[in-house]
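Before any comments, here is the structure.
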Amino acid sequence: MRIKWGEQSREDLRKILEYVGANFGGRKAKSVLAEIRSQAEMLKDFPKLGSPFIKDEEFGIDYRAFSSRLNSIVYYIDGETVNIVTVWQTRRDIDSLKKQLCSH
Numbered sequence: 011m012r013i014k015w016g017e018q019s020r021e022d023l024r025k026i027l028e029y030v031g032a033n034f035g036g037r038k039a040k041s042v043l044a045e046i047r048s049q050a051e052m053l054k055d056f057p058k059l060g061s062p063f064i065k066d067e068e069f070g071i072d073y074r075a076f077s078s079r080l081n082s083i084v085y086y087i088d089g090e091t092v093n094i095v096t097v098w099q100t101r102r103d104i105d106s107l108k109k110q111l112c113s114h
């Protein structure tokens with residue numbers, strides 16, 4: 011399997027790191043980045059590690075979510091590719107994420 015970071019997931023990651031760096035320092039931001047990347051790498055070998063999250067009926071996409079302490083990696087599997095759609099801060103509203111995923 012290979013990992014593909016989507017545009018939104020890269021932007022989400024940038025925002026998370028910017029926030030953590032500004033509020034907790036660069037060392038903590040590097041730690042958070044390492045943790046998220048490590049989790050993403052685990053999906054190469056165990057793509058179904060995340061829990062089923064939501065199904066986009068229109069496009070037939072089964073999204074999964076793999077959570078850490080404060081963030082969830084939301085992704086779907088397409089053949090041999092794990093497509094990371096977003097990195098979601100767990101304190102944010104989950105319903106707005108579901109709406110975002112299913113509105114194209």
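Under my numbering, think of the first position of the sequence shown as 11, with each following residue one higher. Glycine included, every Cβ here is placed at the ideal spot set by N, Cα and C.
Q: Tell me whether Ser78 sits in a helix, a strand or coil according to DSSP, three-state version.
A: Coil.
Q) Assuming Pro62 contacts Arg79 under a Cβ cut-off of 8 Å, what Cβ separation, rounded to an integer in Å, is found between them? A) Rounded, the Cβ-Cβ distance is 21 Å, inconsistent with contact.
Q. What's the C-alpha gap between Arg20 and Tyr86?
A. Approximately 16 Å between the Cα atoms of the pair.
Q. How is Phe63 classed by DSSP in three states: helix, strand or coil?
A. DSSP places Phe63 in strand when its eight states are reduced to three.
Q: Could you check how far apart the C-beta atoms of Leu111 and Ile64 are, in whole angstroms? I think they sit under 8 Å.
A: Confirmed, about 6 Å.
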